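If you read the sequence shown in the working numbering, its first letter stands for residue 124, the second for the next number, and so on. One structure is given here, and the rest of the page talks about it.
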Amino acid sequence: IQGYFISNTHDTVRVIFNIPIKLLMQEPNFESLQKKVKYFDSNNLKHVLKPDMTIEIAFDFEGKKYRMLSRNDDLGLNGIFSNSNKIFLHFIKDGKLKLFEYHFSSGGGGGMMMGAGGTMTMTPGGGSHSSSKYILQKENAQLFETKSGWWLSFREDMTNYFSDCPELVKKIKEKVYKRDDIELMVDEYNRNCR
């Protein structure tokens, strides 16, 4: 798939990416891309690009543009056995508050699962299944993981995180915005908060 990456020296390099695809969902395998992506240069030589080697990767797939930004792994998303302190995160919304999506597999015996937008899905027993969660970042501050647990802990976490925006905090406390309204909260923060 044609695309580009922006190097750590801010050069834009056009390449052909070897993007893994989830066949059933017909979308890029973001979980795999968070650690590395393979590409071919203009001489058709194969390379591996890791998050510590670049600022961003971008490509089009099925008419949609995807961007993944390299970020410090402040939350330990790579796992305890990883020697990498950076990760590519699927970039959703830009602004002084950025919204990312982190993708992961969870295994086990089935049950209820919370999706990134707060949607619950029933999973069959056995095997693993894909899920995702939202990650926020104000300017160049540390990453912040939205909690998908109980509504009260989510509301408390979000009112603390958005303490620099009283109007938004008020709407969260008054339940104007709920757990599945993260994208709306990000939009409001970027539009109305300092």
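Note that the Cβ used here is the ideal one computed from N, Cα and C, for glycine as well. Here the structure is a predicted model, which means the values were calculated and not measured.
Taking the alpha-carbon positions, what's the residue i to residue j distance?
i: Gly-232; j: His-252; result: Confidence in Gly-232 is poor, its pLDDT being 44 and thus under 50, which makes the residue's placement unreliable; the coordinate value appears in the next sentence. Cα-Cα distance, rounded: 11 Å.
i: Glu-224; j: Asp-303; result: 14 Å
i: Asn-263; j: His-170; result: 29 Å
i: Met-176; j: Glu-297; result: 44 Å
i: Met-236; j: Gln-157; result: Low confidence applies to Met-236: its pLDDT is 43, below 50, so where it sits in the model is not reliable enough to give any reading.
i: Gly-202; j: Glu-279; result: 26 Å
i: Leu-192; j: Phe-227; result: 17 Å
i: Lys-325; j: Leu-168; result: Examination of residue 325 is not possible in this model, given that the chain is present from 124 through 317 alone.
i: Asp-134; j: Ser-276; result: 42 Å
i: Tyr-189; j: Ala-181; result: 6 Å
i: Lys-261; j: Lys-221; result: 6 Å
i: Ile-295; j: Thr-269; result: 14 Å
i: Glu-290; j: Cys-316; result: 8 Å
What first and last residue would you give for the beta strand (DSSP E) that runs through residue i?
i: Val-299; result: Premise fails: Val-299 is in no beta strand (DSSP E) and is neither H nor E.
i: Thr-135; result: 135–141
i: Gln-125; result: 125–130
In the DSSP assignment, the alpha helix (DSSP H) including residue i goes from what residue to what residue?
i: Phe-153; result: 153–156
i: Ile-305; result: 305–315
Which residue's Cα is closest to the Cα of residue i: the options?
i: Ser-155; options: Lys-187, Arg-194 and Ile-210; result: Ile-210
i: Asn-131; options: Leu-146, Leu-172, Arg-314 and Val-160; result: Leu-172
i: Ser-254; options: Glu-150, Leu-266, Glu-268 and Ser-229; result: Ser-229
i: Cys-257; options: Phe-204, Arg-317 and Leu-307; result: With the sequence shown as reference, residue 257 is identified as Tyr, and Cys is not the correct amino acid for it. It is Leu-307.
i: Glu-186; options: Thr-135, Lys-270, Glu-150 and Glu-268; result: In the sequence as displayed, the identity of residue 186 is Gly instead of Glu. Answer by Cα proximity: Glu-150.
i: Thr-219; options: Lys-301, Cys-288 and Tyr-189; result: Residue identity check: residue 219 is Lys in the sequence provided, not Thr. Checked all of Lys-301, Cys-288 and Tyr-189; the closest Cα to Lys-219 is Cys-288.
i: Pro-174; options: Arg-317, Gln-265 and Ser-207; result: Ser-207
i: Ile-178; options: Glu-311, Tyr-284 and Leu-212; result: Leu-212
Return the chain-ordered ranges of every beta strand (DSSP E) run that is complete within the segment 172–197 and spans a minimum of 3 residues. Taking only runs of at least 3 residues, the beta strand (DSSP E) segments lying wholly in the segment 172–197 are 177–184 and 187–195.
Specify whether the segment 195–204 and the segment 124–135 touch according to this definition: at least 3 beta carbon pairs, one from each stretch, less than 8 Å apart. Cβ pair count under 8 Å is below three, so no.
Taking one C-beta from the segment 159–167 and one from the segment 134–146 each time, how about it: are there three or more such pairs within less than 8 Å? These segments touch.
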